[in-house]
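Residue numbers (the UniProt record's numbering): 1 to 586. All residues carry an ideal CB built from backbone N, CA and C; glycine is no exception. Read through the structure below, which is laid out as structure tokens, and then see the notes.
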């Protein structure tokens with residue numbers, strides 16, 4: 001099982017005893033991404049003696065709590081933190097998506113509620129219009145009934161007029177005969193009793209034929225009252241029609257204003273959209289330039305890696321041929337004077353440390369092999385994964401390559417140090433072997449090849465390339481920072497554009513709703529106009545006809561009064577003729 005531990009070294013006492021190295025267990029790995037704290041436990045681990053006190057390491061223990069493998073924890077902790085950061089970023093993206101879905105659902109719910117309220121309001125308006133239409137239908141039926149009554153009155157008045165004309169003709173005839181009789185009376189002719197009686201009967205019959213107008217006038221007044229009542233019923237509808245016209249006009253003005261505002265905002269949005277497109281295109285150009293520099297940096301890194309491998313091979317060659325110069329100069333004179341037992345113990349300590357270092361380097365090389373296998377597996381997954389998963393896999397591949405490069409770079413110095421330590425041990429072993437009386441051959445030293453100038457030249461060239469790579473990486477970081485800044489600005493502008501587009505859509509929906517409401521309002525106005533105008537025309541026609549009938553009736557009344565006055569005068573004339581004594585004597 002894998003543990004995170006802290007190296008603790010206990011130094012020897014005053015007598016110079018050997019130091020003791022222990023590991024303090026801090027956490028235990030449960031799964032790949034799950035760590036849990038453990039009770040503080042200390043185990044002995046001489047394998048960690050080469051590490052500094054307080055260093056963090058990853059140690060693998062067997063079921064017997066014995067150390068199987070030790071690894072520095074710096075880089076794996078960085079990997080764990082990077083994975084944790086990626087998980088946090090993924091969770092953040094998921095939370096943002098959830099928030100966007102919530103906002104979208106809230107907006108849709110509000111839109112549904114608004115449309116439901118609009119539908120209910122329109123349904124109430126339709127019901128109100130239906131009721132008003134039924135009222136107008138009943139009023140139209142009343143108007144038709146009044147029209148029929150007026151037509152009957154017209155027919156009755158026409159009959160009375162015809163009768164009055166006949167009476168007038170008869171009156172004119174009697175008046176002519178009376179004038180003839182008067183002429184005869186003036187000539188000496190007198191009326192007898194029978195003739196006087198006949199004349200009186202004729203005058204009575206003529207006076208009884210005068211048409212009565214009171215009943216017709218009463219019906220006329222009732223018809224006019226009905227027309228005015230219907231006009232009073234129509235007046236509120238005309239007022240409502242004027243109100244509807246005013247509302248429709250105001251809504252039409254609001255539609256025109258919103259349409260102009262929508263057009264202006266759409267033009268502004270289009271200009272911002274075009275500017276955003278230009279910025280996006282420039283960002284693509286900068287991204288392509290960054291990719292080119294990154295590719296060049298990758299080539300330089302590969303070249304440096306090749307140089308590192310070449311240096312490592314030369315170091316290996318120098319180690320096998322004896323051409324590696326130890327980092328520490330061996331004081332052969334001091335070794336010659338050192339007691340043999342102490343020299344043997346020194347050689348054994350050096351061999352033991354060399355074994356620990358070799359084991360550690362071997363573990364690191366195994367870890368490097370595992371990293372290479374992981375890189376190959378990720379490359380295989382990328383070639384087979386769908387497009388939506390390739391971005392995450394490529395990020396993991398980039399991280400694995402960085403880990404591989406850092407581990408490989410650290411191994412170069414460790415291998416070199418290991419070879420130098422081997423050379424140092426060989427020199428100690430040569431002194432020990434010579435002091436023990438064993439023959440020592442110097443052919444190896446005679447056949448040494450001085451590879452120092454080659455290594456120095458390679459190191460100089462490698463440093464130049466490293467400086468160039470660092471400069472290139474700084475440029476890449478600057479370009480990446482600028483691209484990230486531009487990308488952030490573009491993302492913000494894109495978000496603002498999306499919000500403005502949503503506002504435009506909402507504004508367009510409001511405009512469409514208002515247009516529909518305005519069209520419905522104008523439809524109601526037109527329907528009112530088409531329904532009320534024929535009824536009003538009919539009422540106006542009926543009123544004009546009733547007024548004409550009233551004028552005709554007044555004329556008939558005047559004619560009847562004149563007729564009665566004439567008859568009265570004729571009676572007086574006849575009475576005067578009858579009452580003259582000379583006429584009676586004759």
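A direct Cα-to-Cα measurement between residue 69 and residue 283 gives close to 48 angstroms. Ranked by Cα distance from residue 392, the first of 378, 564, 495 and 512 is 378.
Residue 240 and residue 231 have their C-alpha atoms spaced approximately 14 angstroms apart.
Rounded to whole angstroms, residue 463 and residue 416 show a C-alpha spacing of 17 angstroms. Put simply, the segment 71–89 touches the segment 395–413. At least three CB pairs are less than 8 angstroms apart.
Residue burial is scored here from C-beta neighbours: residue 139 has at least 16 other C-beta atoms within 10 angstroms and is therefore classed as buried. Contact check for residue 48 against residue 26 fails: the beta carbons are separated by 8 angstroms or more. DSSP, reduced to helix, strand and coil, places residue 45 outside both helices and strands of the structure shown, so it counts as coil. When 550, 57 and 204 are compared, the shortest CA-CA separation from residue 217 is found for 550. Residue pairing for residue 56: DSSP places it in a beta bridge opposite 6.
Comparing alpha-carbon positions, the option among 96, 31, 82 and 23 lying closest to residue 61 turns out to be 23. Boundaries of the alpha helix (DSSP H) harbouring residue 346: 340–384, taken from the DSSP string. Residue 502 holds the alpha-carbon nearest to the alpha-carbon of residue 262 among 179, 502 and 406. A check of alpha carbon separations from residue 50 across 568, 163, 349 and 117 identifies 349 as the nearest. Using a 10 angstroms sphere on the CB of residue 542, the tally of other CB atoms reaches 16 or more, which defines it as buried. Judged by DSSP in its simplified three-state form, residue 27 adopts strand.
Residue state for residue 81 is assigned as helix, using DSSP reduced to three classes.
Taking each of 353, 163, 31 and 122 in turn and checking the Cα distance to residue 80, the smallest one comes out for 31.
Following the DSSP letters along the chain, one finds residue 67 inside the beta strand (DSSP E) bounded by residues 67–72.
Between residue 525 and residue 248, the beta carbon gap of about 6 angstroms places them in contact (Cβ cut-off 8 angstroms). In the DSSP secondary-structure assignment, residue 559 is not bridged to any residue.
No Cβ-Cβ contact shorter than 8 angstroms links residue 516 with residue 251. The C-beta of residue 73 has 16 or more other C-beta atoms within 10 Å across all chains shown, which makes the residue buried. Counting the other CB atoms within 10 Å of its CB gives residue 360 a total of 16 or more, which places it among the buried residues. Three or more beta-carbon pairs separated by less than 8 angstroms link the segment 371–386 to the segment 401–409, which places the two stretches in contact. The count of Cβ pairs closer than 8 angstroms, one atom from the segment 423–436 and one from the segment 327–346, reaches three, so the stretches are in contact. Sorting 380, 265, 345 and 342 by C-alpha distance to the C-alpha of residue 499 places 265 at the top. Separation of the CB atoms of residue 256 and residue 513 is rounded to 15 angstroms, and the pair is thereby denied contact status at 8 angstroms. A residue is called buried when at least 16 other Cβ atoms come within 10 angstroms of its Cβ; residue 95 does not meet this threshold and is exposed. Setting aside the 5 residues that flank it on each side, residue 504 is surrounded in the same chain by 262, 265, 266 and 269, each with a C-beta closer than 8 angstroms to its C-beta; the list follows chain order. Annotated as distal: residue 297 and residue 418, with beta-carbon spacing of 8 angstroms or more. Here residue 423 is buried: its Cβ has 16 or more other Cβ atoms, across all protein chains shown, within 10 Å. If you compare the alpha carbons of 156, 132, 197 and 57 with that of residue 571, the shortest gap goes to 197.
For the set 381, 508 and 272, the Cα lying nearest the Cα of residue 493 is the one of 272. Following the DSSP letters along the chain, one finds residue 332 inside the alpha helix (DSSP H) bounded by residues 332–337.
Here the C-alpha atom of residue 480 lies approximately 7 angstroms from the C-alpha atom of residue 290.
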